[in-house]
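Novice: So that we are looking at the same thing, I have put the structure below in structure tokens.
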Amino acid sequence: MSSRSRRPRTSKPARRAAPRRPTARRAAPRLPPPLAVIDIGSNSGRVTVMQIHPSGHLDVLEDSRAPLRLAREIAHSGRISPMAMERTLLALRDFRAVALGAGATSILTVATSAAREAKNGDELVERARLELGLRVVVIDGMREATFAFLGAVHGLPADNGLLFDLGGGSLEVTRFRARKLHETWSLPLGALRVSDRFLRSNPPSAGELRHLRAHVEKTMRKAGIPKLLDDETLIGTGGTVRNLAKMQARLRRDPLPHIHGFVLTRAEVRALARRTAALGQAARGALPGLSRDRADSIVGGFVTIQAAMDFVGAKHLQASGQGLREGIALATLGKGPPPAREVRAASIAALMRRFTTYNHEVARRRTRIAERLLDILAPESDPEVRETLRFVCTSVDIGRSVDYFDRFRNAAMILAAADLQGFTPRTVALVFATLMQADNEANHLKTIRAALLEQDGQLVRKLAILLRLADEIERRCVPALPLAVRFRLSDAALSLDSEVLGGWRPRVLAERFQRAFHRQLHILTH
123 MSSRSRRPRT SKPARRAAPR RPTARRAAPR LPPPLAVIDI GSNSGRVTVM QIHPSGHLDV
183 LEDSRAPLRL AREIAHSGRI SPMAMERTLL ALRDFRAVAL GAGATSILTV ATSAAREAKN
243 GDELVERARL ELGLRVVVID GMREATFAFL GAVHGLPADN GLLFDLGGGS LEVTRFRARK
303 LHETWSLPLG ALRVSDRFLR SNPPSAGELR HLRAHVEKTM RKAGIPKLLD DETLIGTGGT
363 VRNLAKMQAR LRRDPLPHIH GFVLTRAEVR ALARRTAALG QAARGALPGL SRDRADSIVG
423 GFVTIQAAMD FVGAKHLQAS GQGLREGIAL ATLGKGPPPA REVRAASIAA LMRRFTTYNH
483 EVARRRTRIA ERLLDILAPE SDPEVRETLR FVCTSVDIGR SVDYFDRFRN AAMILAAADL
543 QGFTPRTVAL VFATLMQADN EANHLKTIRA ALLEQDGQLV RKLAILLRLA DEIERRCVPA
603 LPLAVRFRLS DAALSLDSEV LGGWRPRVLA ERFQRAFHRQ LHILTH
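Residue numbering for the sequence shown follows our numbering, beginning at 123 and increasing consecutively.
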């Protein structure tokens, strides 16, 4: 939708206005059957069952994980031991059951560095085919990096940067420009591999940690890993990065603790590496946000990420909750990551489709009114502010689907829990805060300050008032008629001139409007 709409025409309401009827739901596009992707990793195995929309949006239907520890087996003997083989096949049997239970008609199974390095990797592939009917494809480092790039970057608003995909056996590094893969490297720096090789003490000694950091730096320098440029973002994916984000979110007590898009500073990564390294394995496993079965490899993983960030000169790391499995699913569409704005639009549309009473026409009318008010009151607003306003106006009816009286708060809580794709953490925080402020001005912003800028408090108050005004105006206008409101702005007041608003006296809203915009709100009568 354009950020500017035509000036609404003034017209008289019909003599007998028809009661508002729910807008008929649009016919949902026919979707292909769910797709399951199984990833036999060096540290763990996972299955994710997804519904793929033509837009490229992925809805996760089921997910399951099992520790495998294959990298440790291969480091010791070069082979997958009989016990590890049976453990892996048992996990694959369960993954297949989860996939079929979710209705998947296609199961794509890949194996990464452990299987490609094991002397008897072919035995695992053959037994999976004969005993389970699963065709396992062992992918090389370049394909692994390519799939990880497709999955990790797809749902993040990053155009240029580096991607770290840290697994148990290897670290895949990808440089991308204009959301297109540019160059890839596969390095033997997986969390389980380096932990077993360098961190023999429990907890590890200072010398062991120092040797590991030096090894990471030497390996990256030898491979020719580039420094991060000023216009580039560092993105991380994989279990180690997800655990970093989860632990830091607990420490911040963030009310929007989404792993996907979560941003950590280099100082936070360093502090978490030190904290976990100072504890023994048993105590480490009890840390909030840390997966207990990663307690033996997490220090090596955290130190590797820290050293890699230092090497490329990254001040921040943005975590992606998606990666290899999502990239394999997206690859079936035959296209790379679309522009972030398209990802956001697809994510919003997918969320709206989940609510059967969602009224698209009401949402469009409310959005047009709010954009008109923004054009009048703050015409210099940047694109992110305009997009935030459109999004909150669109999302109110999600909350209305749950309960009319708490529609703003309901919408905020649903969006806080939703897996939104393509948004910056700041935009998500702005949307949440705006809806909460629209619900009640007393809902303060202290709890989400970490994601907001210093000046965002006043911006949120303004957006919340525009949302409330647009919502009040829209619900007083007859759907079948043009918007019968004329807006007049002076240095002292915003006046709304309309017969349909003639009986409305928004005392509390007018007071909030004056505090936010330093103007009075007048309703003109006829």
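Where is the CB? At the ideal position from N, CA and C, for every residue including glycine.
For R299, which three-state DSSP category applies?
Specialist: Here residue 299 refers to the residue found at position 177 when the sequence shown is read from its first residue. Strand, per DSSP.
Novice: Less than 8 Å separating the beta-carbons of L618 and V607?
Specialist: In the sequence shown, residue 618 corresponds to position 496, counting from 1. In the sequence shown, residue 607 corresponds to position 485, counting from 1. Yes, the Cβ-Cβ distance between L618 and V607 is below 8 Å.
Novice: Would you mind sorting G423 into buried or exposed? The rule is 16 or more other CB atoms within 10 Å of its CB.
Specialist: The residue labelled residue 423 in the question sits at position 301 within the sequence shown. Label assigned to G423: buried.
Novice: State the DSSP-derived secondary structure class of G521, mapped to helix, strand or coil.
Specialist: Translated into positions along the sequence shown, residue 521 becomes position 399. Three-state result, G521: helix.
Novice: What is the rounded straight-line gap between the Cα of R201 and the Cα of R251?
Specialist: Position 79 of the sequence shown holds residue 201. Position 129 of the sequence shown holds residue 251. Cα to Cα, R201 sits roughly 19 Å from R251.
Novice: By how many angstroms is the C-alpha of G289 removed from the C-alpha of T359?
Specialist: As a position in the sequence shown, residue 359 is number 237, starting the count at 1. As a position in the sequence shown, residue 289 is number 167, starting the count at 1. Their Cα atoms are separated by approximately 9 Å.
Novice: In whole angstroms, what is the alpha-carbon distance linking R597 and L623?
Specialist: The residue given as residue 597 occupies position 475 in the sequence shown. The residue given as residue 623 occupies position 501 in the sequence shown. When rounded, the distance between both Cα atoms is 10 Å.
Novice: Considering just the uninterrupted stretch of the beta strand (DSSP E) at E184, what are its terminal residues?
Specialist: By 1-based counting over the sequence shown, the position of residue 184 is 62. E184 -> beta strand (DSSP E) spans 180-189.
Novice: On the CB-based measure, 16 or more other CB atoms within 10 Å of its CB, does K241 come out buried or exposed?
Specialist: Sequence index remark: in the sequence shown, residue 241 carries index 119 (1-based). Per the 10 Å Cβ criterion, exposed.
Novice: Relative to the alpha-carbon of V582, which residue among A441, L157, F639 has its alpha-carbon at the smallest distance?
Specialist: For the purposes of this step, residue 582 is identified with residue 460 of the sequence shown, where counting begins at 1. The shortest C-alpha separation from V582 is found at F639.
Novice: Taking 8 Å as the cut-off, does the region 466-485 touch the region 170-181 (at least 3 CB pairs, one atom from each stretch)?
Specialist: Contact between the region 170-181 and the region 466-485 is present, because at least three Cβ pairs lie under 8 Å.
Novice: Take every Cβ of the region 492-500, pair it with every Cβ of the region 529-544, and state whether three or more of those distances are shorter than 8 Å.
Specialist: Too few Cβ pairs lie closer than 8 Å, so no.
Novice: Roughly how many angstroms lie between the CA atoms of S203 and A400, to the nearest whole one?
Specialist: Taking the sequence shown and counting its residues from 1, one reaches residue 203 at position 81. Taking the sequence shown and counting its residues from 1, one reaches residue 400 at position 278. So the two alpha carbons sit approximately 32 Å from each other.
Novice: Within its chain, find whatever has a CB closer than 6 Å to the CB of A485; leave out the 5 residues flanking it on each side and keep chain order.
Specialist: Within the sequence shown, residue 485 is the residue found at index 363, counting from 1. Around A485: T516, D519.
Novice: Rounded C-beta distance between A221 and V171? I'm assuming under 8 Å.
Specialist: On the sequence shown, residue 221 is found 99 positions in, with the first residue counted as 1. On the sequence shown, residue 171 is found 49 positions in, with the first residue counted as 1. Correct: roughly 6 Å between the Cβ atoms.
Novice: So T454 is in the beta strand (DSSP E); what residue range does that whole segment cover?
Specialist: In the sequence shown, counting from the first residue as 1, residue 454 sits at position 332. Counting along the chain, T454 falls outside any beta strand (DSSP E), and DSSP gives it neither H nor E.
Novice: I need the DSSP call for R138, collapsed to helix, strand or coil.
Specialist: One-based indexing of the sequence shown puts residue 138 at position 16. Any reading at R138 needs caution, since the residue's pLDDT is 38, under 50, leaving its predicted position unreliable; the model's value is listed next. R138 falls in the coil class under three-state DSSP.
Novice: When you compare the CB positions of F269 and L285, do they come within less than 8 Å of one another, or not?
Specialist: On the sequence shown, position 147 is the one that residue 269 refers to. On the sequence shown, position 163 is the one that residue 285 refers to. It is not a contact, given that the beta carbons lie outside the stated cut-off.
Novice: Roughly how many whole angstroms lie between the Cα atoms of A417 and A408?
Specialist: On the sequence shown, residue 417 is found 295 positions in, with the first residue counted as 1. On the sequence shown, residue 408 is found 286 positions in, with the first residue counted as 1. Whole-angstrom Cα-Cα distance: 9 Å.
Novice: Looking only at DSSP bridge pairs, what is M558 linked to?
Specialist: Within the sequence shown, the letter at position 436 stands for residue 558. Bridge partners of M558: none, in fact.
Novice: Under the assumption that F384 contacts A441 (Cβ atoms under 8 Å), give the Cβ distance between them as a whole number of angstroms.
Specialist: Counting from 1 along the sequence shown, the entry for residue 384 is found at position 262. Counting from 1 along the sequence shown, the entry for residue 441 is found at position 319. Going by Cβ atoms, the distance from F384 to A441 rounds to 5 Å, so yes, they are a contact pair.
Novice: State the Cα-Cα distance for the pair A555 and K584, rounded to the nearest angstrom.
Specialist: If you number the sequence shown from 1, residue 555 lands on position 433. If you number the sequence shown from 1, residue 584 lands on position 462. Answer to the nearest angstrom: the Cα atoms are 11 Å apart.
Novice: With distances taken between CB atoms, is the gap from V514 to L574 smaller than 8 Å?
Specialist: Reading the sequence shown from its first residue, position 392 is the one you call residue 514. Reading the sequence shown from its first residue, position 452 is the one you call residue 574. Not in contact: V514 and L574 (Cβ atoms no closer than 8 Å).
Novice: State the DSSP-derived secondary structure class of V159, mapped to helix, strand or coil.
Specialist: Your numbering for residue 159 matches position 37 in the sequence shown. It is a strand residue.
Novice: Among all the DSSP beta bridges, which residues are the ones paired with L473?
Specialist: As a working mapping, residue 473 is identified with position 351 in the sequence shown. For L473, which the question treats as bridged, DSSP gives no partner whatsoever.
Novice: Go to T268, then tell me how far its alpha helix (DSSP H) extends in each direction, as first and last residue.
Specialist: Within the sequence shown, residue 268 is the residue found at index 146, counting from 1. From DSSP, the alpha helix (DSSP H) with T268 extends over 263-276.
Novice: Taking the beta strand (DSSP E) that Q642 falls in, what are its first and last residues?
Specialist: For the purposes of this step, residue 642 is identified with residue 520 of the sequence shown, where counting begins at 1. Where Q642 is concerned, the enclosing beta strand (DSSP E) stretches over 642-646.
Novice: Just list the residues that DSSP pairs A408 with in beta bridges.
Specialist: One-based indexing of the sequence shown puts residue 408 at position 286. Partner(s): none; A408 has no beta bridge.
Novice: Determine the burial state of H380: buried for a count of at least 16 other Cβ atoms within 10 Å of its Cβ, exposed for fewer.
Specialist: The count along the sequence shown starts at 1 and reaches residue 380 at position 258. Buried is the call here.
Novice: Looking at C-beta atoms only, is the number of pairs between the region 309-321 and the region 213-233 that lie closer than 8 Å three or more?
Specialist: These segments do not touch.
Novice: Have a look at the DSSP bridge pairing and note the partners of R332.
Specialist: The count along the sequence shown starts at 1 and reaches residue 332 at position 210. None; R332 has no bridge partner.
Novice: So, L309 versus V295, is the Cβ gap smaller than 8 Å?
Specialist: Looking up residue 309 in the sequence shown gives position 187. Looking up residue 295 in the sequence shown gives position 173. Result yes, Cβ atoms of L309 and V295 sit closer than 8 Å.
Novice: Straight-line CA distance for A451 to L394?
Specialist: Here residue 451 refers to the residue found at position 329 of the sequence shown. Here residue 394 refers to the residue found at position 272 of the sequence shown. Using only the alpha carbons, I get a separation of about 33 Å.
Novice: Please identify the residue among A193, I229, G223 whose C-alpha is closest to the C-alpha of A237.
Specialist: As a first step, residue 237 must be located in the sequence shown, where it is residue number 115. When only C-alpha atoms are compared, the closest one is A193.
Novice: Going by beta carbon distance, what residues of the same chain come within less than 6 Å of R414, once the five residues before and after it are set aside?
Specialist: Your numbering for residue 414 matches position 292 in the sequence shown. These residues qualify, in order along the chain: G407.
Novice: Ordered along the chain, which non-local residues of its own chain (more than five positions away) have a Cβ less than 8 Å from that of A412?
Specialist: Here residue 412 refers to the residue found at position 290 when the sequence shown is read from its first residue. For the sequence presented, residue 412 should be read as Leu rather than Ala. Excluding positions up to five away in sequence, the list reads N365, K368, M369, T398, R406, I420.
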